[in-house]
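To start, the structure under review is shown below, and the notes come after it.
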Amino acid sequence: MPYVMSSESGSRLVGVGVGPGDPELVTVKGVNALRAADVVVVPVMDSGERGRAEATVLHYVPVEKVVRVVFALNERSDRARREAAWDAAGARVAELLGAHSVVAFATIGDPNVYSTFTYLAQTIGELAPGVVIETVPGITAMQDLAARSGAVLTEGTEPLTLVPVTAGAATLKDALAGPGTVVAYKFGRQAQEVAEALRESGRIDDAVWGSALGLEGESIRPAGELGDEPLPYLSTLIAPAPRDGGRGGKL
């Protein structure tokens with residue numbers, strides 16, 4: 001469903017979640033949206049390296065339909081440079097919307113969960129307020145890791161907390177002090193701090209982490225094996241809620 005602006009321009013921007021990396025995890029609706037678009041924008045780093053979103057998209061649409069736009073995804077130290085790159089990317093997508101009726105933007109995971117698309121939608125709302133903005137949900141990394149590892153995300157009345165570790169170790173520790181399942185995103189560069197927080201909370205034994213899910217180089221390991229070395233930036237961790245092993249007690 002459209003969630004932003006009116007349709008005065010007649011153009012649509014569709015954020016399509018393409019999952020965590022395995023091309024088979026793109027939904028049927030997601031594939032249809034990619035194929036129905038006039039062009040499909042994929043975010044790339046300024047190094048030009050092909051990212052997960054682009055690699056997934058190319059399983060379903062021809063390369064001629066794909067437009068690579070630099071979003072400086074790997075720029076985290078220079079805020080001014082990052083913002084300039086984002087402004088330029090937004091202007092490029094606005095230009096594409098002026099030339100095409102439907103522009104799809106592919107993003108890993110889900111477009112409404114820590115996604116590049118959220119910021120792009122805000123920019124387009126300012127640059128081209130007549131554009132209709134829609135999203136197609138995608139499978140998230142935590143869902144894929146749960147499926148591949150056998151970790152149950154939630155049951156009964158358990159809460160589920162999703163924490164980007166880039167927000168700081170204190171946020172993660174606060175979540176681990178609660179009763180529910182905790183999922184940590186983007187923790188790779190702070191793996192040692194995450195391991196310490198899990199040990200301090202007594203929740204390391206049941207926790208599991210994964211990276212490159214569904215891709216060559218996939219790794220799914222117990223959190224107890226976390227060491228001092230950094231992991232891939234997009235690593236995901238699940239610390240399941242403490243459970244007594246009973247069945248049906250929380251229904």
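The sequence shown begins at 1 in the UniProt record's numbering and counts up one residue at a time. Every residue gets a Cβ at the ideal spot worked out from N, C-alpha and C, and that includes glycine.
*asked:* Spatial neighbours of Val-4 within its chain, please: C-beta separation below 7 Å, excluding the five flanking residues on both sides.
replied: Along the sequence shown, read from residue 1 onward, the residue named residue 4 stands at position 4. With a pLDDT of 42 at Val-4, under the threshold of 50, the predicted position of this residue should be treated as unreliable, and no value is reported.
*Identified DSSP bridge partners for Ile-220*: If you number the sequence shown from 1, residue 220 lands on position 220. DSSP lists Gly-210 as partners of Ile-220.
*Quick one: Cα of Thr-157 to Cα of Tyr-114, how far?*
Here residue 157 refers to the residue found at position 157 of the sequence shown. Here residue 114 refers to the residue found at position 114 of the sequence shown. Roughly 25 Å between the two C-alpha positions.
*In the DSSP assignment, find the beta strand (DSSP E) that holds Phe-105 and state where it starts and stops.*
Residue numbering aside, residue 105 sits at position 105 when the sequence shown is read from its first letter. Counting along the chain, the beta strand (DSSP E) containing Phe-105 begins and ends at 102 to 107.
*asked:* Among the candidates Leu-58, Asp-87, Thr-140, whose CA atom is the shortest distance from the CA of Leu-153?
replied: Indexing the sequence shown from 1 puts residue 153 at position 153. When only C-alpha atoms are compared, the closest one is Thr-140.
*Using 8 Å as the Cβ pair cut-off and three pairs as the minimum, do the region 194 to 209 and the region 234 to 245 touch?*
yes
_Taking the beta carbon of Val-42 as the centre, do at least 16 other beta carbons fall within 10 Å, making it buried, or is it exposed?_
Start at 1 with the first residue of the sequence shown, and residue 42 comes out as number 42. Buried, because 16 or more other Cβ atoms sit within 10 Å of the Cβ of Val-42.
*In terms of alpha-carbon separation, which member of Val-18, Ala-175, Gly-48 lies closest to Leu-34?*
Sequence index remark: in the sequence shown, residue 34 carries index 34 (1-based). Checking every option, the nearest Cα to that of Leu-34 belongs to Val-18.
*Could you tell me whether the Cβ atoms of Tyr-233 and Gly-188 are closer together than 9 Å?*
As a working note, residue 233 is residue 233 in the sequence shown. As a working note, residue 188 is residue 188 in the sequence shown. Cβ distance < 9 Å, so Tyr-233 and Gly-188 count as in contact.
*Local conformation of Tyr-185 per DSSP, three classes*: The residue labelled residue 185 in the question sits at position 185 within the sequence shown. It is a strand residue.
*asked:* According to DSSP, simplified to helix, strand and coil, what is Leu-153?
replied: Indexing the sequence shown from 1 puts residue 153 at position 153. Leu-153 falls in the coil class under three-state DSSP.
*Inter-residue Cα distance where the pair is Leu-215 and Asp-87*: Within the sequence shown, the letter at position 215 stands for residue 215. Within the sequence shown, the letter at position 87 stands for residue 87. Roughly 31 Å between the two C-alpha positions.
*Would you say His-100 faces chain C, with C-beta separation under 9 Å as the test?*
Here chain C cannot be found, since the structure has a single protein chain.
*According to DSSP, which residues form a beta bridge with Pro-164?*
Locating residue 164 in the sequence shown gives position 164, counting from the first residue. The partner list for Pro-164 (beta bridge, DSSP) reads Tyr-185.
*Opposite Gly-17 in the DSSP bridges: which residues?*
Translated into the one-based positions of the sequence shown, residue 17 becomes position 17. Note: Gly-17 sits in a beta bridge opposite Thr-107.
*Would you call Val-63 buried or exposed, if buried means 16 or more other Cβ atoms sit within 10 Å of its Cβ?*
Taking the sequence shown and counting its residues from 1, the one referred to as residue 63 is at position 63. It is exposed - the Cβ of Val-63 has fewer than 16 other Cβ atoms within 10 Å.
*If you count every other CB in all the chains shown that lies within 10 Å of the CB of Asp-110, and 16 or more means buried, which is it?*
Mapped onto the sequence shown, residue 110 falls at position 110. Per the 10 Å Cβ criterion, buried.
*Can you give me the start and stop residues for the alpha helix (DSSP H) that Thr-123 sits inside?*
As a working note, residue 123 is residue 123 in the sequence shown. Here the alpha helix (DSSP H) through Thr-123 covers 116 to 127.
*Would you mind sorting Pro-230 into buried or exposed? The rule is 16 or more other CB atoms within 10 Å of its CB.*
In the sequence shown, residue 230 corresponds to position 230, counting from 1. Answer is exposed; the Cβ neighbour count stays below 16.
*Look up Val-113 in the DSSP assignment and say whether it is helix, strand or coil.*
Mapped onto the sequence shown, residue 113 falls at position 113. Looking at Val-113 - three-state DSSP - the assignment turns out to be coil, as it is neither helix nor strand.
*Separation of Val-31 from Ala-151, as counted between CA atoms*: For the purposes of this step, residue 151 is taken as the residue at position 151 of the sequence shown. For the purposes of this step, residue 31 is taken as the residue at position 31 of the sequence shown. Going from the Cα of Ala-151 to the Cα of Val-31 covers about 28 Å.
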